[in-house]
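Trainee: Got a structure here, written out as structure tokens. Questions coming.
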Amino acid sequence: MTDAREIAKLPTDAPPGGWPKPRALYLHVPFCRHRCGYCNFSVLAGRDDLQDRFLNAVEIELRRIRSEHYGDDRIELETLYLGGGTPTQLTLPRLQRLLGCLSEHVTLSSDYEMTCEANPEDVNPETLAVLSDAGVNRLSLGVQSFHNEKLETLQRSHRGEEAVAAIQLASDSIKNISIDLIFAVPGETLAQWQDDLSTALSLPIRHVSTYSLTYEKGTQFWSQRRRGGLTPIDEDTDIKMYRWSRKLLGEAGFEHYEISSFAKPRSRSRHNAVYWNGHGWFAVGPSAARFVDGQRDVNHRSPTTYIKRMIEQGEATAECERISLDQHAREIAAFGIRQIDGIDLSEIDRRVGYEFSALIRPTLDSFEKSGILRRRDNHVRLTARGLLFADTVESEILG
Ligand code: SF4
């Protein structure tokens with residue numbers, strides 16, 4: 013029997029055209045009012061006194077990326093994403109300082125996408141003016157729900173009516189408004205979730221990301237659930253909620269283009285597509301992971317350690333991983349399959365320069381037999397049923 017690896021002629025170093033040149037940058041701003049019970053991100057709650065030192069650290073990291081990759085020129089980007097944490101938890105002068113620092117070190121392409129995450133309670137005319145003057149053309153609002161009871165369970169700081177007002181106000185200055193919504197929250201009914209979706213659809217938004225509540229180890233919700241203080245929604249209702257998201261958003265003209273993402277025409281997240289398609293990206297801030305020249309480096313997860321190391325040593329990398337070509341190909345396939353359009357195996361073979369598709373054929377064949385994947389020639393995508401098994405497919409492809 014022929015070994016699949018013989019067929020594939022697995023090479024060992026860089027892809028034929030070299031590693032993808034990053035044209036995207038993620039910047040993690042860790043500040044939040046408080047830590048929500050389900051949140052597992054790198055967050056500094058109630059430590060706004062560290063904002064100036066954080067900005068000093070960010071400036072050092074941006075300068076370093078620029079001098080390492082661009083010399084005297086500025087960093088050239090097509091997409092820039094300010095996430096967190098909560099970027100708008102920075103005071104207005106500090107938000108201006110951050111945006112000014114970015115404009116000093118970055119040049120954006122003519123058709124750029126610049127996203128800023130914000131919480132509804134931070135949306136006001138002054139902040140919106142600062143963001144839009146700096147070129148932010150996409151606002152991602154952490155709405156999560158319009159139901160006050162559900163928002164309280166999630167320990168969010170805003171109320172439903174505040175979220176509605178924030179979306180309406182923001183859409184006057186930033187046309188592409190995206191909102192995050194969480195479903196399967198303890199005590200939530202299918203009718204409440206349908207109501208959340210209907211309210212969202214009555215508002216001027218162009219993008220929705222929907223997530224089923226997860227109980228990550230180390231979060232308050234995880235401990236509460238273990239002690240019996242939180243009862244997760246049953247799996248059937250969780251699945252029904254997901255299906256209703258697809259139905260209602262689809263009927264309203266939102267294209268389901270990735271497991272959790274829905275967009276009006278020409279409003280897909282280009283920045284997230286960089287991750288899903290395995291293109292390179294820079295990343296700045298605590299816990300930020302970059303993928304540059306075949307290397308994945310992750311900054312220290314603790315914001316205070318990140319700030320200290322960056323200021324004192326000029327770098328704050330906690331983990332480095334050299335990505336082999338085989339791993340790169342697997343990641344392109346595994347994360348790419350999360351997109352509803354699926355993946356083109358011949359395109360992956362072309363990008364990595366060997367017959368990777370021969371290596372994963374047995375895995376894909378078995379998922380196809382179970383009705384989880386559909387394959388036409390070299391094109392593979394999840395079926396409607398397969399969308400519920402995306403995590404399993406992903407981990408099998410990653411090997
Ligand atoms: S606002 Fe967002 S980032 Fe901040 S603690 Fe809550 S979930 Fe986490």
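First residue of the sequence shown: 13, per this note's numbering; consecutive thereafter. Think of the CB as a built atom: it goes at the ideal place given N, C-alpha and C, for glycine as much as any other residue.
If you pair each beta-carbon of the stretch 273-285 with each one of the stretch 218-227, do three or more pairs fall below 8 Å?
Mentor: Yes: the two stretches touch, three or more of their Cβ pairs being nearer than 8 Å.
Trainee: Would L202 pass as a contact of K162 if the rule is Cβ separation under 8 Å?
Mentor: No, the pair does not count as a contact, with Cβ atoms beyond the cut-off.
Trainee: Nearest to P198 by CA position, among T226, V176, Q206, is which residue?
Mentor: It is T226.
Trainee: Taking only heavy atoms of the ligand SF4 into account, decide whether any of them is closer than 7 Å to the Cβ of R47.
Mentor: The answer is yes for R47.
Trainee: Between C48, S210, I319, which lies nearest to L62 when the distance is taken from Cα to Cα?
Mentor: Taking only the C-alpha atoms, the option nearest L62 is I319.
Trainee: Taking the Cβ atom as the reference point for each residue, do R76 and G326 lie within a distance shorter than 8 Å?
Mentor: Cβ distance < 8 Å, so R76 and G326 count as in contact.
Trainee: Would you tell me roughly how many angstroms separate the C-alpha atoms of A341 and L74, rounded to the nearest one?
Mentor: Whole-angstrom Cα-Cα distance: 29 Å.
Trainee: Would you mind sorting A182 into buried or exposed? The rule is 16 or more other CB atoms within 10 Å of its CB.
Mentor: Classification for A182: buried.
Trainee: With distances taken from CA atoms, which of G147, H170, R255, V41 is nearest D60?
Mentor: Considering only alpha carbons, the answer is V41.
Trainee: Could you give the residue range of the alpha helix (DSSP H) that holds G58?
Mentor: Per DSSP, G58 belongs to no alpha helix (DSSP H) and is neither H nor E.
Trainee: Pick out whichever of R363, E343, A370 has its Cα sitting closest to the Cα of G411.
Mentor: Nearest of R363, E343, A370 to G411, Cα basis: E343.
Trainee: So the alpha helix (DSSP H) Y50 belongs to, where does it begin and stop?
Mentor: No alpha helix (DSSP H) holds Y50; DSSP gives it neither H nor E.
Trainee: Return the CA-CA distance between C44 and P298, expressed in angstroms with no decimal places.
Mentor: Each residue's Cα considered, the two are about 14 Å apart.
Trainee: Taking the alpha-carbon of S144 as reference, which of D361, T103, N188, K259 has the nearest alpha-carbon?
Mentor: Answer by Cα proximity: N188.
Trainee: Just checking F53 against the ligand SF4 - is the residue's beta carbon closer than 7 Å to any of the ligand's heavy atoms?
Mentor: Yes, since a heavy atom of the ligand SF4 falls inside the 7 Å radius drawn around the Cβ of F53.
Trainee: Could you tell me the distance, in whole angstroms, from the CA atom of S214 to the CA atom of D207?
Mentor: Straight-line Cα distance between these residues: approximately 11 Å.
Trainee: Between the alpha carbons of T395 and R109, how many angstroms are there, rounded?
Mentor: Straight-line Cα distance between these residues: approximately 47 Å.
Trainee: Which whole-angstrom value is the C-beta distance of Y124 and W293, which I expect to be below 8 Å?
Mentor: Contact flag wrong, Cβ pair sits at about 14 Å.
Trainee: Per DSSP, what are the beta-bridge partners of W293 in this structure?
Mentor: According to DSSP, W293 bridges with F303.
Trainee: Just the Cα atoms here: how many angstroms apart are Q180 and R278?
Mentor: Spanning the two alpha carbons is a distance of roughly 20 Å.
Trainee: Taking C-alpha atoms, which residue in P99, E367, T103, V310 lies nearest to S358?
Mentor: Of P99, E367, T103, V310, the residue nearest in Cα terms is E367.
Trainee: For the ligand SF4, any of its heavy atoms closer than 7 Å to the Cβ of T98?
Mentor: Yes - the ligand SF4 has a heavy atom lying nearer than 7 Å to the Cβ of T98.
Trainee: Under the criterion of a Cβ to heavy atom distance below 7 Å, does C128 qualify as lining the ligand SF4?
Mentor: No, the beta carbon of C128 sits no closer than 7 Å to any heavy atom of the ligand SF4.
Trainee: With DSSP as the reference, identify every bridge partner of D184, one or two as the case may be.
Mentor: In DSSP, D184 forms no bridge with anything.
Trainee: Roughly how far, in whole angstroms, is the beta-carbon of I409 from the beta-carbon of I372, given that I think they are within contact range, below 8 Å?
Mentor: Yes, they are in contact, since the Cβ atoms of I409 and I372 sit about 6 Å apart, within 8 Å.
Trainee: For R17, count neighbouring C-beta atoms within 10 Å of its own C-beta (all shown protein chains included) and say buried if the count is 16 or more, exposed if not.
Mentor: Here the model assigns R17 a pLDDT of 47, short of 50, so the residue's position is not dependable and the matter cannot be decided.
Trainee: Using DSSP with H/G/I as helix, E/B as strand and the rest coil, what is I19?
Mentor: Low local confidence applies: a pLDDT of 49 at I19 is under 50, so the model's placement there is unreliable, and no value is given.
Trainee: Apart from the five residues just before and just after S185, which ones in its own chain have a Cβ nearer than 6 Å to its Cβ?
Mentor: Closer than 6 Å at the Cβ level, and outside the excluded window around S185, lie L140, S144.
Trainee: Is the beta carbon of Y269 less than 8 Å from the beta carbon of R280?
Mentor: Yes, these two residues count as a Cβ contact at 8 Å.
Trainee: Using a Cβ-based criterion (distance less than 7 Å to any ligand heavy atom), does G58 qualify as near the ligand MG?
Mentor: Looking at this structure, you won't find the ligand MG anywhere; what it does contain is the ligand SF4.
Trainee: H340 by DSSP, collapsed to three states: which one?
Mentor: Here H340 sits in helix by DSSP.
Trainee: Can you give me the Cβ contacts of V142 inside the same chain, cut-off strictly under 8 Å, excluding the 5 residues immediately before and after it?
Mentor: Counting only Cβ-Cβ distances below 8 Å, and skipping sequence neighbours, we find L104, L107, Q108, L111.
Trainee: Which first and last residues belong to the beta strand (DSSP E) in which D427 is found?
Mentor: Since the displayed the chain opens at 13 and closes at 411, residue 427 lies outside it and no answer follows.
Trainee: Residue ranges of each beta strand (DSSP E) run of no fewer than 3 residues wholly in the stretch 362-394, ordered along the chain?
Mentor: You should have 385-388, 391-394.
Trainee: Please name the residue in L120, I335, H312, R362 whose C-alpha comes closest to that of I87.
Mentor: Comparing Cα-Cα distances from I87 to each of L120, I335, H312, R362, the minimum goes to L120.
Trainee: Do you know offhand how far N136's Cα is from A175's?
Mentor: Roughly 12 Å separates the two Cα atoms.
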